[in-house]
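Straight run, no breaks: the sequence shown in numbering that gives the first Met the number 0 ends on number 254.
For every residue, glycine included, the Cβ atom is placed at its ideal position computed from N, Cα and C.
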Amino acid sequence: MSMGQSLSGSIAPLFLRAVLAVTFVWAGLGKFMADFPVSGDAATRLAEWGVIAAPAAPPTPATPTEVKPEAPPAPTGTTPPPPLMALQTPPAQTTTVKRMYAIALGVHAAANPKPRDGGSTPMALLPADLGKGPWPVRLAWAASLTELIGGALIFLGLLTRFSGFSIAIVMLTAMWLTQIGPAMQSGNTIALLLPAHQAFDGEKWKDLLFQFSLFGSAMALACVGSGALAFDRALFRAKSAAKPPSGDQGSHRPL
């Protein structure tokens, strides 16, 4: 085997594994450890799914007590300023949930798009059944666990091809739900698929390019395998060593 073949088959996958493992273990842990603030309709939706307790009902107004009027004070020649009245609206009740449930809310919104101001409804990005019942929460768990466990398996080089392909599916779905699908819903696209951002506006393109890079890296790893320093290689070598060599053994007799 030449030096180039050795580097491409054994060393190059190590760089892919390092990038994907660090990225997705970090992302997966964030889904379960970081908090995400919700309020209003989002909090109501999570309460319907049993993720949080139902929002507390507003307090019942107390019955006013009748107070006898008092005699006005004698005029002193100066009029005191009127008391200031609070006109602020009380803030909406906010609670925090794990970041994973932001995926569940996104799945529900993708399967149940809100009507536009003109009355038309944009196309749904997911089948309507996936936005009903327990499916949004189940898909959120599936995506989060795929990131965390897939990243850990890639780090170990165990089930590397399967893990790479699973993560590639997660990233392809993320591109569809957060970038390509919303652009198609708006009707303002480039080449019918891409968001109509300015060509070199890095701030707006960075999310799609980051997702696309991770998708390509995961697919590349699924194609080339784990490379060196991997449990996959050790296991497959052990199985290969346990197999008897092919050929007609025992058929040679001494003359």
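By the neighbour-count criterion, in which 16 or more other beta carbons inside 10 Å mark a residue as buried, Pro36 falls on the exposed side. At the C-beta level, Thr94 and Ile51 come within 8 Å of one another. Judged by DSSP in its simplified three-state form, Asp34 adopts strand.
Taking a C-beta distance under 8 Å as the contact criterion, Phe23 and Gly150 qualify as a contact pair. The alpha carbon of Gln184 has as its nearest neighbour, out of Thr120, Gly226 and Phe209, the alpha carbon of Thr120. Just measuring C-alpha positions, the residue of Pro135, Pro126 and Ser225 sitting nearest Phe161 is Ser225.
Here Phe199 is exposed: its Cβ has fewer than 16 other Cβ atoms, across all protein chains shown, within 10 Å. For Thr120, the three-state secondary structure derived from DSSP is coil. The beta carbon of Leu13 lies closer than 6 Å to those of Gly226 in the same chain, with the five residues before and after it left out. A distance below 7 Å between beta-carbons, with the five flanking residues on each side excluded, links Lys113 to no residue of its chain.
For Leu213, same chain residues with a beta-carbon under 6 Å away, outside a window of 5 residues either side, are Met170 in chain order. Rounded to the nearest whole angstrom, the C-alpha separation of Leu28 and Ser165 is 17 Å.
Runs of alpha helix (DSSP H) with 4 or more residues, each lying fully within the region 107 to 164, are found at 134 to 155, listed in chain order. Secondary structure at Ile51: coil, using DSSP grouped into helix, strand and coil. A direct Cα-Cα distance of roughly 25 Å separates Ile10 from Thr145.
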